[in-house]
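For reference, the structure is listed below as structure tokens.
So, in structure tokens, the structure goes:
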């Protein structure tokens, strides 16, 4: 609060009751870090005029908790909203020995809620046991990692005049009300911190918070202090990077955590600008080379660090060799200086990445070199145009025919500087044209007076020898015409053939040998080949048959004469054919059939014989009948047999009864004597003695009866395991069995009289069964009952 005109003058620093005891520190603290949260004790001491400092748990309207833990120091007491009028009080620390601290710093938590500008508190240090004090830091210091929330006021009116300058913390949450200044309050606990590098290694250090207030506008919470920490500042980790711009490197400091003093040495001893104190300087290197750059960085607490890096400033020149003899055989080599590691190369045009370019044509070339931690460099060089342009071309002719040795080769030379000489290998000739050459590779080398050379090779080839294949030897039947075959390979193609005494189409009357040769497009001729044609006379075959007449199926074996011919072909007259000296064939239908045989010998001569109506196969009867009814009851055991046979004139019935009763009627009836099944047989024959027979079963049943067990045991012992009906009806016309549970739900159904119910997964109990059946007489029956399933 500020002082009004009727208040007595403010006491100044010289009026404070200092005495020699202030220089007596008593116990000295020399172990760090020092951390005081004021939880176990007050630790620091308070005093001064109007002192209302209190240690404990704050309970003001705004300052209503400690900064950490539960206790802190508060000026203005622990409760209420008032601090004393004209107060000049302090909170003082014990004495410290900073001998072991090289980069000391302090931090603490602070909460201020006082009248802005007039009332407030500063922080001071003493190196003489508390006899004299000076401020730590100043107003409006830029914040960094070691400085934060420091003095926010540069003229605290109610601090004594002995404190110069009057910097410190002041302000409150509320706005100005009347003459009471507001604003700039901390609005809660904040951490204030500051470097103490100027106290490094000091043997005696003491601190105090000094508070000053006027006599009006003092109805606020006051100021609270908590969690004081004194320790070494974090070490400075020095680093930097460089960015090349030609031969100028722009350096950027990347050190941590927050150094603010920099000393650069660029390692360029010959430069007048070899050092800098800027944070991010640049330096231009006049010459390529490897330079050691050093950066020393120091923070506000005195922590310092140094690092060095080698910086490579590259230089490049190009050594050249011009192309010669009209060839692209020049070379360029990049000569690099100032590199301290692997170098990267990039040439234009072409994009090559090697140090040396070879096989280069005349023209301008540029190389750019780069390396890690280096500035790139560029150089350009030009290769002069080449002279001479010596060139060589070869032509040749191949050998005409295999073994002829009549090939040739010719060299044509252009360009070069006279005199020009040439040489052939392997012949050793030095003329432009070679003749009479055998198949081989011929190399010509030409050189001029400038030492330029050119070389070409040519291959003189010869065609493959002509290979003629004719034949094979063959045999023909007298009077036959044939075409002889010959096939040539090798040579140059375009073959023509010469036959002797004739050919290739011939019609020999006697055995003759034929000769053939071939000539290709180059006029090369093959050796002669010979084909012998043997002429044979024709003949008349015959055959025998094992039988010629009988009932169908009639099977006959045919035997050909003469034996030993190359091929036999049979035609049996019913659409079937066969082969071989002996052939067997069965005639399945009736009729008269011719038989033919064609025999061919190895010479191709053949003969044919045909015997008309040789085979007479008699058609067999087709015997069949039906029984009506096939199953009957003993109440009416008579069954009628209906004859449906064909191609038969005589019939014999066998009824299969115990008396072996027979009948020759066409369609008889028979009354069976007892319940049983009987096999009935019908035999039929015709006038040619051919016969056929057929049989079927008929049954006589008991009158309709059906039985169903009243219990069954599906336990897997093969005894009464399945529930099925038993009936006298052998083959019911209709049948269905269904099983139901006691609530009428179906459990099983079948239409197979032989399939029963095995109980499935049904539990033990009583079940309903129902059967629908139609007996042999066509009567439908429906039966219902119960069955017990026992497990």
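In my numbering, the protein residues as written are 1248 to 2038. Note that CB positions come from ideal geometry on N, CA and C, so glycine has one too. As the structure is a prediction and not an experimental result, all values here were calculated from the model.
Asked                                                                                                                                                                         : Found
Got a sec, what are the start and stop residues for the beta strand (DSSP E) residue 1833 sits in?                                                                            : 1829-1834
Can you tell me whether DSSP reads residue 1445 as helix, strand or coil?                                                                                                     : helix
Alpha carbons only, please: which of 1703, 1652, 1499, 1318 is nearest the one belonging to residue 1672?                                                                     : 1703
Would you kindly check if the distance between the Cβ of residue 1867 and the Cβ of residue 1939 is under 8 Å?                                                                : yes
When the Cβ atoms of the stretch 1691-1702 are set against those of the stretch 1658-1667, are three or more pairs found closer than 8 Å?                                     : yes
Alpha carbon to alpha carbon, how far is residue 1937 from residue 1896?                                                                                                      : 10 Å
Thinking just about the alpha-carbon of each residue, which of 1340, 1396, 1563, 1321 is nearest to the one in residue 1215?                                                  : Given that the chain is displayed from residue 1248 to residue 2038, the structure contains no residue 1215 and the question cannot be resolved.
Specify whether the stretch 1354-1371 and the stretch 1445-1463 touch according to this definition: at least 3 beta carbon pairs, one from each stretch, less than 8 Å apart. : yes
Kindly indicate which three-state DSSP category residue 1310 falls into: helix, strand or coil?                                                                               : coil
For residue 1267, I'd like the list of residues in its chain whose CB is within less than 6 Å of its CB, leaving aside the five on either flank, ordered along the chain.     : Model confidence at residue 1267 stands at a pLDDT of 38, short of 50, so the residue's coordinates are unreliable; what they give is reported in the following sentence. Cβ neighbours of residue 1267 beyond the five flanking positions: none.
In three-state terms, what does DSSP make of residue 1863?                                                                                                                    : strand
Please report the straight-line C-alpha distance between residue 1505 and residue 1484, rounded to a whole angstrom.                                                          : 9 Å
Pull up the distance between the alpha-carbon of residue 1571 and that of residue 1634, whole angstroms please.                                                               : 6 Å
Relative to the alpha-carbon of residue 1978, which residue among 1363, 2021, 1838 has its alpha-carbon at the smallest distance?                                             : 2021
Looking at the structure shown, is residue 1985 part of a helix, part of a strand, or coil, going by DSSP?                                                                    : strand
Considering only the beta carbon of each residue, do residue 1393 and residue 1356 sit closer than 8 Å?                                                                       : no
Comparing C-alpha positions only, which one of 1994, 1913, 1324, 1586 sits nearest to residue 1892?                                                                           : 1913
What would DSSP say about residue 1499, mapped onto helix, strand or coil?                                                                                                    : strand
So residue 1469 and residue 1361 are supposed to be a Cβ contact under 8 Å. How far apart are they, rounded?                                                                  : 6 Å
Is it buried or exposed for residue 1833, if we count other Cβ within 10 angstroms and need 16 for buried?                                                                    : exposed
Considering only residues of the same chain and omitting the five flanking positions on each side of residue 2031, which have a CB-CB separation below 6 Å?                   : 2017
Any idea what DSSP makes of residue 1882, helix, strand or coil?                                                                                                              : coil
Report buried or exposed for residue 1405, applying the criterion of at least 16 other Cβ atoms within 10 angstroms of its Cβ.                                                : buried
Could you check whether residue 1548 and residue 1443 sit closer than 8 Å to each other, using their CB atoms as the reference points?                                        : yes
What beta strand (DSSP E) runs, 3 residues minimum, are completely inside the stretch 1451-1511?                                                                              : 1453-1459, 1469-1479, 1487-1492, 1495-1500
Taking the CB atoms as reference points, tell me whether residue 2033 and residue 2015 lie closer together than 8 Å.                                                          : yes
My guess is that residue 2092 and residue 1610 are in contact by the Cβ rule of under 8 Å, so how many angstroms apart are they, rounded?                                     : Nothing can be reported for residue 2092, as the shown portion of the chain is limited to 1248 through 2038.
Helix, strand or coil for residue 1897 per DSSP?                                                                                                                              : strand
If you drop the 5 nearest sequence neighbours on each side, which residues of the same chain put their C-beta closer than 8 Å to that of residue 1739?                        : 1710, 1767, 1768, 1769, 1771
Nearest CA to the CA of residue 1517: which residue from 1536, 1402, 1524?                                                                                                    : 1536
Starting from residue 2027, follow the beta strand (DSSP E) in both directions and report where the run begins and ends.                                                      : 2027-2036
Cβ atoms of residue 1319 and residue 1305: under 8 Å apart, would you say?                                                                                                    : yes
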